[in-house]
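Engineer: Chains as they are written, first to last, in numbering that gives the first Met the number 0: chain A, 0 to 542; chain B, 0 to 346; chain C, 0 to 214.
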Amino acid sequence: MIATAKIEAVEAPNYLTEKHGIKSWLLTIDHKRIALLYIFGITGFFVIGGVAALLMRLELLTPATDLVDPETYNKLFTAHGIVMVFFFLVPSIPTTLGNFLIPLMIGAKDLALPKLNLASWYVYMAGGAITLYAIASGGVDTGWTFYTPFSTVYSTTHVAAAAIGIFLVGFSSIMTGLNFIVTIHQLRAPGMTWFRMPLFLWSHYATSVVMILGTPVLAVTLLMVLVERVFGVGIFSPELGGDPVLFQHMFWFYSHPAVYIMILPSMGVVSELIAAFSRKAVFGYVFVAFSSIAIAVLGFLVWGHHMFVAGESVYSAMAFSILSYTVGVPSAIKVFNWSATLYKGSIAWETPLIYAIGFIGLFTIGGLTGLFVAALGIDVHVTDTYFVIAHFHYIMVGGAVMGYLGGLHYWWPKISGRMYPEALAKAAALIVFLGFNLTFFPQFVLGWLGMPRRYAAYPPEWQFLNIISTAGATILGVGYALPLVYLTWSWKYGPRAGANPWRATGLEWQVPSPPPTHNFEVTPIVTHKAYDYAGMKEQLGLG
Amino acid sequence: MNSLDLLPPTASTYASQLNYFFWVMVTICGIVATGIALFIIYCAIKYHRRSPTELPPQSFGNIKAEATWTVVPLIIFLGMFGWGAKTYFDAEQPPPETLNIWVLGKQWMWEIQHPNGTREINTLHIPIYTPVRLTMISEDVIHDFFVPAFRIKQDVLPMRYMTIWFNATRPGKYHLFCAEYCGAKHSGMIGWVYAMNPNDYQVWLGQGGGEGSLAATGQKLFLNSGCANCHRPSGHGPGPSLERLYGTPVTLATGAVRIADESYIRECILGKKGGPVAGFTAIMPNYSGRLSEKQIIALVSYIKAIGPETDLNQPSSSGNTRRDYSSQPGIAAPGSTSISGTIPESR
Amino acid sequence: MASESLALREQFGSPGHQRDTSAVGMWLFLATEVLFFGGLFVGFGVYRMYYTQGFVEGAREMTLVIGSINTAVLFTSCLTMSLAIRSMSQGNQFRTYVLLLITIGIGLAFIALKFVEYYFHYKAHKVPGIWFESSSLYAGAEELFLVYYFVLTGLHVIHLSIGIGITAVMAVRTAIGRFSASWHTPLEVTGIYWHFVDIIWCFLYAIFYIPGFHK
Numbered sequence: 000m001i002a003t004a005k006i007e008a009v010e011a012p013n014y015l016t017e018k019h020g021i022k023s024w025l026l027t028i029d030h031k032r033i034a035l036l037y038i039f040g041i042t043g044f045f046v047i048g049g050v051a052a053l054l055m056r057l058e059l060l061t062p063a064t065d066l067v068d069p070e071t072y073n074k075l076f077t078a079h080g081i082v083m084v085f086f087f088l089v090p091s092i093p094t095t096l097g098n099f100l101i102p103l104m105i106g107a108k109d110l111a112l113p114k115l116n117l118a119s120w121y122v123y124m125a126g127g128a129i130t131l132y133a134i135a136s137g138g139v140d141t142g143w144t145f146y147t148p149f150s151t152v153y154s155t156t157h158v159a160a161a162a163i164g165i166f167l168v169g170f171s172s173i174m175t176g177l178n179f180i181v182t183i184h185q186l187r188a189p190g191m192t193w194f195r196m197p198l199f200l201w202s203h204y205a206t207s208v209v210m211i212l213g214t215p216v217l218a219v220t221l222l223m224v225l226v227e228r229v230f231g232v233g234i235f236s237p238e239l240g241g242d243p244v245l246f247q248h249m250f251w252f253y254s255h256p257a258v259y260i261m262i263l264p265s266m267g268v269v270s271e272l273i274a275a276f277s278r279k280a281v282f283g284y285v286f287v288a289f290s291s292i293a294i295a296v297l298g299f300l301v302w303g304h305h306m307f308v309a310g311e312s313v314y315s316a317m318a319f320s321i322l323s324y325t326v327g328v329p330s331a332i333k334v335f336n337w338s339a340t341l342y343k344g345s346i347a348w349e350t351p352l353i354y355a356i357g358f359i360g361l362f363t364i365g366g367l368t369g370l371f372v373a374a375l376g377i378d379v380h381v382t383d384t385y386f387v388i389a390h391f392h393y394i395m396v397g398g399a400v401m402g403y404l405g406g407l408h409y410w411w412p413k414i415s416g417r418m419y420p421e422a423l424a425k426a427a428a429l430i431v432f433l434g435f436n437l438t439f440f441p442q443f444v445l446g447w448l449g450m451p452r453r454y455a456a457y458p459p460e461w462q463f464l465n466i467i468s469t470a471g472a473t474i475l476g477v478g479y480a481l482p483l484v485y486l487t488w489s490w491k492y493g494p495r496a497g498a499n500p501w502r503a504t505g506l507e508w509q510v511p512s513p514p515p516t517h518n519f520e521v522t523p524i525v526t527h528k529a530y531d532y533a534g535m536k537e538q539l540g541l542g
Numbered sequence: 000m001n002s003l004d005l006l007p008p009t010a011s012t013y014a015s016q017l018n019y020f021f022w023v024m025v026t027i028c029g030i031v032a033t034g035i036a037l038f039i040i041y042c043a044i045k046y047h048r049r050s051p052t053e054l055p056p057q058s059f060g061n062i063k064a065e066a067t068w069t070v071v072p073l074i075i076f077l078g079m080f081g082w083g084a085k086t087y088f089d090a091e092q093p094p095p096e097t098l099n100i101w102v103l104g105k106q107w108m109w110e111i112q113h114p115n116g117t118r119e120i121n122t123l124h125i126p127i128y129t130p131v132r133l134t135m136i137s138e139d140v141i142h143d144f145f146v147p148a149f150r151i152k153q154d155v156l157p158m159r160y161m162t163i164w165f166n167a168t169r170p171g172k173y174h175l176f177c178a179e180y181c182g183a184k185h186s187g188m189i190g191w192v193y194a195m196n197p198n199d200y201q202v203w204l205g206q207g208g209g210e211g212s213l214a215a216t217g218q219k220l221f222l223n224s225g226c227a228n229c230h231r232p233s234g235h236g237p238g239p240s241l242e243r244l245y246g247t248p249v250t251l252a253t254g255a256v257r258i259a260d261e262s263y264i265r266e267c268i269l270g271k272k273g274g275p276v277a278g279f280t281a282i283m284p285n286y287s288g289r290l291s292e293k294q295i296i297a298l299v300s301y302i303k304a305i306g307p308e309t310d311l312n313q314p315s316s317s318g319n320t321r322r323d324y325s326s327q328p329g330i331a332a333p334g335s336t337s338i339s340g341t342i343p344e345s346r
Numbered sequence: 000m001a002s003e004s005l006a007l008r009e010q011f012g013s014p015g016h017q018r019d020t021s022a023v024g025m026w027l028f029l030a031t032e033v034l035f036f037g038g039l040f041v042g043f044g045v046y047r048m049y050y051t052q053g054f055v056e057g058a059r060e061m062t063l064v065i066g067s068i069n070t071a072v073l074f075t076s077c078l079t080m081s082l083a084i085r086s087m088s089q090g091n092q093f094r095t096y097v098l099l100l101i102t103i104g105i106g107l108a109f110i111a112l113k114f115v116e117y118y119f120h121y122k123a124h125k126v127p128g129i130w131f132e133s134s135s136l137y138a139g140a141e142e143l144f145l146v147y148y149f150v151l152t153g154l155h156v157i158h159l160s161i162g163i164g165i166t167a168v169m170a171v172r173t174a175i176g177r178f179s180a181s182w183h184t185p186l187e188v189t190g191i192y193w194h195f196v197d198i199i200w201c202f203l204y205a206i207f208y209i210p211g212f213h214k
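1) For ALA66 (chain B), count the other beta carbons within 10 Å of its own beta carbon; 16 or more makes it buried, fewer makes it exposed. Which is it?
2) Verify the CB distance criterion: does LEU143 (chain C) have a CB-CB separation below 8 Å to chain B?
3) Could you check if ASN61 (chain B) is buried or exposed, using at least 16 other CB atoms within 10 Å of its CB as the buried criterion?
4) Can you pull the chain C neighbours of MET249 (chain A), defined as C-beta to C-beta under 8 Å?
5) In terms of residue numbering, what span does the alpha helix (DSSP H) encompassing LEU35 (chain A) cover?
6) Examine chain C for any beta-carbon lying closer than 8 Å to the beta-carbon of ALA281 (chain B), and answer yes or no.
7) Do TYR87 (chain B) and GLY376 (chain A) have their C-beta atoms within less than 8 Å of each other?
8) ALA142 (chain A) versus chain B: which residues are under 7 Å apart at the beta carbon?
9) Using only alpha-carbon positions, find the residue among C:THR75, C:GLY162, C:GLY53, C:LEU107 that is nearest to LEU145 (chain C).
10) Closest by CA to ALA257 (chain A), which one among A:PHE282, A:THR516, A:ALA218, A:ALA275?
11) Distance cutoff 8 Å, beta carbons only. Does TYR50 (chain C) sit that close to anything in chain A?
12) Assuming LEU98 (chain B) and THR129 (chain B) form a contact by the criterion Cβ under 8 Å, report the distance between their Cβ atoms to the nearest whole angstrom.
13) Inspect the beta-carbon positions of THR27 (chain A) and LEU117 (chain A) and report whether they are closer than 8 Å.
14) For ILE141 (chain B) and LYS152 (chain B), I'd like the C-alpha separation in whole angstroms.
15) For SER207 (chain A), report the span of its alpha helix (DSSP H) as first-last.
16) Taking only three categories from DSSP, how would you classify LEU123 (chain B)?
17) Could you work out which residues of chain B lie near ALA347 (chain A), taking near to mean beta carbons separated by less than 7 Å?
18) Can you list, in chain order, the residues of the segment 190-205 of chain A whose Cβ is nearer than 7 Å to any Cβ on chain C?
19) VAL97 (chain C) CB to nearest chain A CB: under 8 Å?
20) Report yes if the C-beta distance between TYR485 (chain A) and VAL431 (chain A) is below 8 Å; otherwise report no.
21) Just the Cα atoms here: how many angstroms apart are THR144 (chain A) and PRO451 (chain A)?
22) For TRP501 (chain A), which of B:ASN18, B:THR52, B:ASP4 has the nearest alpha-carbon?
23) Report the residue ranges of all beta strand (DSSP E) runs contained in full by the segment 134-175 of chain A; include only those spanning at least 3 residues, in chain order.
24) For a cutoff of 8 Å on Cβ pairs, would you count LEU151 (chain C) as touching chain B?
25) Where are the alpha helix (DSSP H) runs, 4 residues long or more, that stay fully inside the segment 234-304 of chain B, in chain order?
26) Going straight from the alpha carbon of PRO197 (chain B) to that of ARG118 (chain B), what length do you get?
27) Beta-carbon separation of THR184 (chain C) and ARG18 (chain C) under 8 Å?
28) By the three-class DSSP mapping on this structure, what secondary structure does GLY318 (chain B) have?
29) In the structure shown, what three-state DSSP assignment does GLU96 (chain B) receive?
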């Protein structure tokens, strides 16, 4: 089962081995190599954002500001937010798993616009470099939300550089989204109708629509912040009659749909994992597919729920509140359909499934607490406190990151041609789950108690809860470090994987692991619907 | 307060209402979350894969199930929306009679000004069982006035008055936080709210106010800044009379009708209200940059004090009238007889 | 045809497929541009509502003659661009090349006129952040109007410059024979972009210049 040197010599050429040398990587237009380029970037930024978080949690072990000074703490939470949101969460699944899998899943030889794909990586890295420069050369202290007039007039840190870095990475996002939409429309193999596509594709399509329509508004908002800061003119600051609340409207018009960019791909992954590891079609396929579209559309209508106490009128607040409740319905539909898929399935407790089930549980809690913050009366008390922090971390970390890790493990054999060490992987998944809950559940309590966010110091009576949270964060850090180590190890030393180790449906499992550069020798003709386990049982060796 | 308190104190009328709603939400969401979790764990155990090639019976969907788990959550969510909106909406409108206190936020402290002239830094003394209305403004960036025990929170903006009200129900000392990130010492922009029995509050209030009430300070400014030259009490000057103005509707030359509340007066002083009053020309100098927020607060207090005598009216959008407890005895508009206001009796 | 098979990429079934895909890509990109400029239009609209008087003052600073000439100029460039594409589809390589050069020339004229306008604004001390003076009652709002004017027209000039650059590349490719009557997709896609830039100008003309006609 473990390859020997001799067998390696007769291994079929694949996208990893076909060409060698740094130029073949940096000038590649193969979507699979570009996905790996992105994995390096994404992982690097995740580590940077994670270190910032760890330092914050260490500071919060004690009520006083003693580990770092307040200005440094402010720069830490800003760096954590900017790096995690713009350089990790928004790109992660689409640029890694999405790039790798979308052509494979639809039966195409590459994305529609491969050079644009490579360009998007360079733009991502350029934006990242500029932002890292801003952080390393003294930091930014405005928070990732850049509220005016603090960011445009009062802050003395590298706001302009950070804004330029984020502006650039936004274009990377737009390029990726555009590429996916064009690909899904134009390059589906014969017989791959919209309703035969795996749900991963529906999620990525919805995500891409949000990316291309929302990101330009962020770009223009940051541009205005830059103009105000560099030229000293009043657009968002009140001295010249500008309106700081207008900034908030424009900022959140993108940044709320951005959270759907961060979660929809993960939901797509979870659909695939639940199907594969219960060996059943996803229950209510059409409903799950359309729920992604519904989330994308409704997601554009709710941005004002970030501004209930910011000075918007009572009537707008009520409109945004009721719309925020409606956007919760499609997510609920997904959770119920995934649960129904598990019912009477054939459940294999593999690592990807542990992550998927962890996702469902934690996303559900995160989503239910969303009902709290959508309630006008309650939000007045909990907005800008740790309650909101806990709410969105349950969704972003308990949801999006768990989905990312689950997908990474599930498709690892396809990407690398190797299996990861099973026992260690399961242990890491459980450590992540435990560490996560220990970190963030106490934060709900802290938020309801009234602990504001972005505070380096807090009343001494809240120390106990903060200590639990920091302990959880340390455990979570260990849980994340483990895959970094064993996945890297498995790249060279893991047992070789076959084309379809999970016996799953999906065109990506019909090609060798790792796939050849051009994916399919012959364009496949699709005759089965999605997750057609019964119809494909001979092919998969089941039953 | 010790570290095993997992709940904040409940010290206002709004906090009690909110607690009830909150616990109902926790119960419903707790039941749903537990239900889903138990169901998934049950499936994972009962339907554990028995052999590597096992193929379970396939099921693809059920319209009735989809309809149920779409409509039922939607109805529950709309119910939650309704309750939340009602709680919020009822709390939006202050009652007709409030004790009005000014709050000035700046990096990184809170300056509170009571109508009788008492100032405090980072503390707010208020009587219980009295509706208190805070009119707040920032001198620099956006801050946020947050008192967890009262469950109130409101962003404090530069160049614009924001108001919030509450009715404290328990004497005590409660946390006050700035809850909108405002720069280096954001976590230091904290203080205490002291809710006191009304008698104790009167005693405390009497200790301050050495420099005279806000309205008196405002009157001095009114004379020294040249306002009185144009705004004569008779109304025959280049500017309209400001006596009996506060709280009444004003028609501008553009045809728009505004209510002369704190924001309107501030905008007039700073030249931002969008044109002169009907029947007057736009010759009022712009005091932008020449008066601090504190001075504007004093001027507004003065104009409130010379407002309509019998009905100290602030018609709100719901048509209620509001008696302003902040008027003080002894303030006279130039040339007019003095008026007396009232101080609230303790309940 | 030689030029087609050179250009056909492996992931496409046919040249027609590839052409459609390029067009879809460009339309999607233009959708993002609508949101990009749209964000600024919304901000402008909000402030126009708040500060109607000040924005009227700002509109009075616009050089209507140059603005109107520029509008005519840009419309003409759209005509020449369309004619260029039509020429290519008729197989007339030389006429296409000439029309593309004319289009570039007209685009450059637009930019030159724009910078003349900017210079006039500078001379009149109406450039926010660099040299702005106003004795109006509504100076703050007037400056806000001009901020939006410079940012929006500045972005437009940048987009037009990119368009000119791309058109230049297209002109070169036309000259060396890369396109044919049956395949000239990059040219068509460039045309779509060019027309979009003109449409944005129409909106800018409407919100900045036309109010100034009403003295």
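Just so you know, even glycine gets a beta-carbon here, dropped at the ideal spot from N, CA and C.
Structural biologist: Based on what the coordinates show:
1) As a first step, residue 66 (chain B) is located in the second sequence; it is residue number 67 there, counting from the start. So ALA66 (chain B) counts as exposed.
2) Sequence index remark: in the third sequence, residue 143 (chain C) carries index 144 (1-based). No, LEU143 (chain C) lies away from the interface with chain B (no Cβ there is under 8 Å from its Cβ).
3) For the purposes of this step, residue 61 (chain B) is taken as the residue at position 62 of the second sequence. ASN61 (chain B) comes out exposed.
4) On the first sequence, residue 249 (chain A) is found 250 positions in, with the first residue counted as 1. Result: GLY38, VAL41, GLY42.
5) Locating residue 35 (chain A) in the first sequence gives position 36, counting from the first residue. Unbroken alpha helix (DSSP H) run through LEU35 (chain A): 30-58.
6) As a first step, residue 281 (chain B) is located in the second sequence; it is residue number 282 there, counting from the start. Taking Cβ atoms only, chain C reaches closer than 8 Å to ALA281 (chain B), which makes this a yes.
7) In the second sequence, residue 87 (chain B) corresponds to position 88, counting from 1. In the first sequence, residue 376 (chain A) corresponds to position 377, counting from 1. Yes, they are a contact pair.
8) As a working mapping, residue 142 (chain A) is identified with position 143 in the first sequence. Note that residue 142 (chain A) is Gly in the sequence shown, not Ala. Per Cβ cutoff of 7 Å: TYR180.
9) Position 146 of the third sequence holds residue 145 (chain C). When only C-alpha atoms are compared, the closest one is C:GLY53.
10) Start at 1 with the first residue of the first sequence, and residue 257 (chain A) comes out as number 258. Comparing Cα positions, the closest option is A:ALA218.
11) Position 51 of the third sequence, counting from 1, holds the residue named residue 50 (chain C). Chain A contact via Cβ: present.
12) Within the second sequence, residue 98 (chain B) is the residue found at index 99, counting from 1. Within the second sequence, residue 129 (chain B) is the residue found at index 130, counting from 1. 5 Å between Cβ atoms; contact.
13) Position 28 of the first sequence, counted from the start, is the residue given in the question as residue 27 (chain A). Position 118 of the first sequence, counted from the start, is the residue given in the question as residue 117 (chain A). Yes, these two residues count as a Cβ contact at 8 Å.
14) Numbered from its first residue, the second sequence carries residue 141 (chain B) at position 142. Numbered from its first residue, the second sequence carries residue 152 (chain B) at position 153. Their backbone Cα atoms lie some 13 Å apart in a straight line.
15) Taking the first sequence and counting its residues from 1, the one referred to as residue 207 (chain A) is at position 208. First-last of the alpha helix (DSSP H) with SER207 (chain A): 198-230.
16) As a position in the second sequence, residue 123 (chain B) is number 124, starting the count at 1. In this structure, LEU123 (chain B) counts as strand in the three-state DSSP scheme.
17) For the purposes of this step, residue 347 (chain A) is identified with residue 348 of the first sequence, where counting begins at 1. Neighbours of ALA347 (chain A) on chain B, chain order: ARG48.
18) Listed by position along the chain: nothing, the set is empty.
19) In the third sequence, counting from the first residue as 1, residue 97 (chain C) sits at position 98. For VAL97 (chain C), the answer is no, since every Cβ of chain A falls outside 8 Å of its Cβ.
20) As a working note, residue 485 (chain A) is residue 486 in the first sequence. As a working note, residue 431 (chain A) is residue 432 in the first sequence. Against a cut-off of 8 Å, the Cβ pair of VAL431 (chain A) and TYR485 (chain A) comes out as no contact.
21) For the purposes of this step, residue 144 (chain A) is identified with residue 145 of the first sequence, where counting begins at 1. For the purposes of this step, residue 451 (chain A) is identified with residue 452 of the first sequence, where counting begins at 1. For THR144 (chain A) and PRO451 (chain A), the distance between alpha carbons rounds to 16 Å.
22) Position 502 of the first sequence, counted from the start, is the residue given in the question as residue 501 (chain A). Here the closest residue by C-alpha is B:THR52.
23) none
24) Walking along the third sequence from the start, residue 151 (chain C) turns up at place 152. Chain B, which has no Cβ nearer than 8 Å to the Cβ of LEU151 (chain C), makes this no.
25) 261-268, 292-304
26) Along the second sequence, one-based indexing puts residue 197 (chain B) at 198. Along the second sequence, one-based indexing puts residue 118 (chain B) at 119. Rounded to the nearest angstrom, the two C-alpha atoms are 18 Å apart.
27) By 1-based counting over the third sequence, the position of residue 184 (chain C) is 185. By 1-based counting over the third sequence, the position of residue 18 (chain C) is 19. Closer than 8 Å, so yes.
28) Stepping through the second sequence from its first residue, residue 318 (chain B) is reached at position 319. Caution applies to GLY318 (chain B), whose pLDDT of 31 falls short of 50 and renders its modelled position unreliable; the value that the coordinates give is listed next. GLY318 (chain B) falls in the coil class under three-state DSSP.
29) Taking the first residue of the second sequence as position 1, residue 96 (chain B) is located at position 97. GLU96 (chain B) falls in the strand class under three-state DSSP.
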